[in-house]
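Below is one structure, written out as structure tokens; comments come after it.
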Amino acid sequence: MQINLTGHHIEITTSLRQYVEEKFTKLERHFDQINNVQVILNVQKMQQKAEAKLHLAGAEVFAASQNADMYAAIDSLIDKLDRQVIKHKEKLTKH
38 MQINLTGHHI EITTSLRQYV EEKFTKLERH FDQINNVQVI LNVQKMQQKA EAKLHLAGAE
98 VFAASQNADM YAAIDSLIDK LDRQVIKHKE KLTKH
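Start counting the sequence shown at 38; every next residue gets the next number (the working numbering).
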């Protein structure tokens, strides 16, 4: 899985990059056919925004999350993506 991490109005520190990569490896446990991930971390005034687009085998999944803390925004984003990935996996196994 390749993760492309981009920051708008925020410097991507080593710890932030490691945190994102660690969280996305948890997603990979649920569904191992994640090809490419585009993650954008954005700061607008006091809001920290995290959004991601996953390229799965046969589909694309997008989610976004906002919080006052970037790490909390990333956690919320992963939760949303996790639900969508599991739903996609269930669709594939039903056919």
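All C-beta atoms in this analysis are idealised placements derived from N, C-alpha and C, irrespective of residue type, glycine included.
Please classify residue 125 as buried or exposed, where buried requires at least 16 other C-beta atoms within 10 Å of its C-beta. For the purposes of this step, residue 125 is taken as residue 88 along the sequence shown, with counting starting at 1. Per the 10 Å Cβ criterion, buried.
If you follow the alpha helix (DSSP H) that residue 43 is part of, which residue opens it and which one closes it? Numbered from its first residue, the sequence shown carries residue 43 at position 6. In the DSSP assignment, residue 43 falls outside any alpha helix (DSSP H) and within the unbroken beta strand (DSSP E) covering 39-45.
Bridge partners of residue 80, per DSSP? Within the sequence shown, numbered from 1, the residue matching residue 80 stands at position 43. Answer is 85, bridged to residue 80.
If I measure Cβ to Cβ from residue 77 and keep anything under 7 Å in the same chain, skipping five residues before and after, which residues do I get? As a first step, residue 77 is located in the sequence shown; it is residue number 40 there, counting from the start. Same-chain partners within the cutoff: 43, 45 and 88.
Figure out for me which residue from 54, 53 and 121 has the closest Cα to the Cα of residue 96. Residue numbering aside, residue 96 sits at position 59 when the sequence shown is read from its first letter. Ranking 54, 53 and 121 by Cα distance to residue 96 puts 121 first.
Of the residues 129, 86 and 74, the one placed nearest residue 112, counting alpha carbons only: Against the sequence shown, residue 112 aligns to sequence position 75. Of 129, 86 and 74, the residue nearest in Cα terms is 86.
Are residue 40 and residue 58 closer than 9 Å when you measure CB to CB? Numbered from 1 along the sequence shown, position 3 holds the residue referred to as residue 40. Numbered from 1 along the sequence shown, position 21 holds the residue referred to as residue 58. A Cβ-Cβ contact shorter than 9 Å links residue 40 with residue 58.
Using CA atoms only, rank isn't needed, just tell me which of 127, 107 and 116 is closest to residue 62. In the sequence shown, the residue the question calls residue 62 occupies position 25. Looking at the Cα atoms, 116 is the closest of the given residues.
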